[in-house]
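Residue numbers (my numbering): 1213 to 1659.
The following block contains the structure:
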């Protein structure tokens, strides 16, 4: 008699959305700086060096957060790590809002980065570990959807708060307490990852979680696959991440993580006001552009969620990297020739749309998928730390490069990087859709 497998779709979606609220925190802190920078420049008299460091200090905290998340998630589980992330973010949001000087502001933004870094690593990993293979890409992409919602709602708040006076930036940052409190409450409802529970020897609890996710056949098959992949395993160290058998997958993960940042799009998100000020836009127009960017980002992220398990990961990444290379050349030319703001806006929105349907969500999906169970936490830590390190370099260097080369200059560099990313994806990245994490481990690691 043929086995039938069914899933509790409502429960799976609920788990995915609640755990993905960590992505909202990521989106909030990512976007809030764009609206706050015009006020912070006046408040702290920022030069290009300090502007870049203040913006990038979030990424430095994120790198520390990844290390903390890796440790907590391996010792105590994915769920406690998500709770700690929400708590740190709430406290740091209040600290930033109440900052009296530049140094304290940077310290608090660094602390916020710790919370964001923990969430950015744990949310996709948790969703991937709890999702059936057929919908894993969609569910992990939900994390990117909440990131995008965080960006859009934050940009709208920035736009409406801009007229409240020179202390508008304090309200912009202080509002971060609300989503972090909601996230913390939501996490208390989540089950622990069945793959972590099995690894920790709590097989009865793991089976109970799997039985809530799907039918008995699904639970049995998944338990057997997890136990097989963990057979003979011992406690892993970061040294194991670079063992010969897993090194190719790890290097692909690290390269994709770095490429997601060095492709340059986060300069557009973080320095929207700088880019549009260079073509004569007013502060009100600059903040309106951030809202337009957020709306386009949301629409095309929804399209990515719809297509990621249909078209696959690799085709979308190829379209995104080559599309961005072409659009950056056009954007650089428009900025260099001081074209009308409307043409710059169109180029920026096209770049955002291409990024949102491809590199933005798919990178997180691949990072959550391609590492074997035994080292997933450690390998994800290394990849996401690399991502945040690349983000820091990107946002720290842009104000300096823009001053030396002009606002347009860096975009020629980003175009070249995107073309290099296209060649890397074409030659090194394999398709992963429709395979369980254990099947991927077998296909990508052992053969």
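Just so it is clear, CB atoms sit at the ideal spot from N, CA and C, and this is done for glycine as well.
With a Cβ-Cβ cutoff of 8 angstroms, do residue i and residue j count as a contact?
i, j, result
"residue 1219", "residue 1406", "no"
"residue 1491", "residue 1542", "no"
"residue 1403", "residue 1424", "yes"
"residue 1536", "residue 1475", "yes"
"residue 1361", "residue 1507", "no"
"residue 1385", "residue 1308", "yes"
"residue 1469", "residue 1579", "yes"
"residue 1520", "residue 1349", "yes"
"residue 1586", "residue 1442", "yes"
"residue 1563", "residue 1477", "yes"
"residue 1660", "residue 1338", "Absent from the model: residue 1660. The displayed extent of the chain is 1213 to 1659, so no value can be given."
"residue 1237", "residue 1395", "yes"
In terms of alpha-carbon separation, which member of the options lies closest to residue i?
i, options, result
"residue 1438", "1459, 1592, 1423 and 1408", "1408"
"residue 1500", "1335, 1426, 1561 and 1279", "1561"
"residue 1661", "1582, 1398, 1498 and 1570", "Since the first residue of the chain shown is 1213 and the last is 1659, residue 1661 is not available in this structure."
"residue 1556", "1256, 1620 and 1582", "1620"
"residue 1397", "1485, 1353, 1292 and 1373", "1292"
"residue 1670", "1616, 1601, 1520 and 1586", "A query on residue 1670 cannot be resolved here, the shown segment of the chain reaching from 1213 to 1659 and no further."
"residue 1643", "1239, 1419, 1442 and 1522", "1522"
"residue 1487", "1540, 1454 and 1322", "1540"
"residue 1635", "1417, 1489 and 1529", "1529"
"residue 1597", "1467, 1288 and 1520", "1467"
"residue 1248", "1399, 1524, 1387 and 1475", "1387"
"residue 1318", "1333, 1347 and 1263", "1263"
"residue 1265", "1633, 1336 and 1321", "1321"
"residue 1494", "1225, 1250 and 1222", "1250"
"residue 1633", "1583, 1270 and 1472", "1472"
"residue 1273", "1638, 1641 and 1599", "1599"
"residue 1342", "1422, 1639, 1627 and 1567", "1422"
"residue 1567", "1374, 1531, 1595 and 1339", "1531"
"residue 1314", "1252, 1289 and 1629", "1252"
"residue 1268", "1512, 1349, 1638 and 1612", "1612"
"residue 1330", "1347, 1311, 1297 and 1338", "1297"
"residue 1545", "1625, 1641 and 1410", "1625"
"residue 1401", "1581, 1503, 1429 and 1223", "1223"
"residue 1340", "1616, 1617 and 1582", "1582"
"residue 1628", "1433, 1455, 1538 and 1440", "1538"
"residue 1225", "1618, 1410, 1426 and 1394", "1426"
"residue 1584", "1455, 1433, 1502 and 1420", "1455"
"residue 1527", "1440, 1640 and 1485", "1640"
"residue 1299", "1389, 1254, 1375 and 1288", "1389"
"residue 1548", "1489, 1503 and 1618", "1618"
"residue 1502", "1374, 1428, 1419 and 1227", "1374"
"residue 1254", "1288, 1419, 1411 and 1377", "1377"
Just checking my contact of residue i with residue j at CB under 8 angstroms: how many whole Å lie between their CB atoms?
i, j, result
"residue 1203", "residue 1610", "With the chain covering only 1213 through 1659, there is no way to say anything about residue 1203."
"residue 1358", "residue 1510", "About 10 angstroms; that fails the 8 angstroms criterion."
"residue 1710", "residue 1399", "Residue numbering for the chain in the displayed model covers 1213 to 1659; residue 1710 lies beyond these limits and cannot be assessed."
"residue 1589", "residue 1285", "5 angstroms"
"residue 1622", "residue 1480", "Not a contact, Cβ separation roughly 11 angstroms."
"residue 1235", "residue 1335", "6 angstroms"
"residue 1453", "residue 1591", "5 angstroms"
"residue 1414", "residue 1524", "With 8 angstroms as the limit, residue 1414 and residue 1524 do not qualify as a contact, their Cβ atoms being about 34 angstroms apart."
"residue 1512", "residue 1565", "4 angstroms"
Closest Cβ-Cβ distance between residue i and chain B: below 8 angstroms?
i, result
"residue 1430", "Among the chains in the structure shown there is no chain B, since it carries only a single protein chain."
Checklist entry - Which runs of the beta strand (DSSP E) fall wholly inside the region 1249-1320 and span at least 3 residues, in chain order? => result none
Item to check | Three-pair Cβ contact test at 8 angstroms for the region 1375-1383 versus the region 1601-1614 | outcome: no
Next on the checklist: List, from N- to C-terminal side, the beta strand (DSSP E) runs of 3 residues or more that fit wholly inside the region 1318-1353.
Outcome noted: none
Item to check | the region 1448-1465 / the region 1256-1271 touching (three or more Cβ pairs under 8 angstroms) | outcome: no
Item to check | Stretch pair the region 1508-1526 + the region 1562-1582: three plus CB contacts closer than 8 angstroms | outcome: yes
Checklist entry - Touch check for the region 1311-1328 and the region 1273-1293: three-plus C-beta pairs under 8 angstroms? => result yes
Item to check | At least 3 beta-carbon pairs within less than 8 angstroms: the region 1239-1257 vs the region 1357-1375 | outcome: yes
Item to check | Inter-stretch contact at 8 angstroms, needing at least 3 Cβ pairs: the region 1291-1306 / the region 1344-1363 | outcome: no
Next on the checklist: For a minimum of 4 consecutive residues, which ranges assigned as the alpha helix (DSSP H) are wholly contained in the region 1569-1641?
Outcome noted: 1571-1581, 1588-1617 and 1621-1640
Checklist entry - What residue ranges within the region 1425-1487 form continuous alpha helix (DSSP H) runs of no fewer than 4 residues, ordered along the chain? => result 1428-1442, 1459-1474 and 1477-1482
Checklist entry - Considering only residues of the region 1490-1566, which uninterrupted alpha helix (DSSP H) runs meet the minimum length of 4 residues and lie entirely inside it, listed in chain order? => result 1495-1519 and 1525-1548
Checklist entry - Hey, which unbroken runs of the alpha helix (DSSP H) at 4 residues or more fall wholly within the region 1396-1427? => result 1406-1411 and 1415-1425
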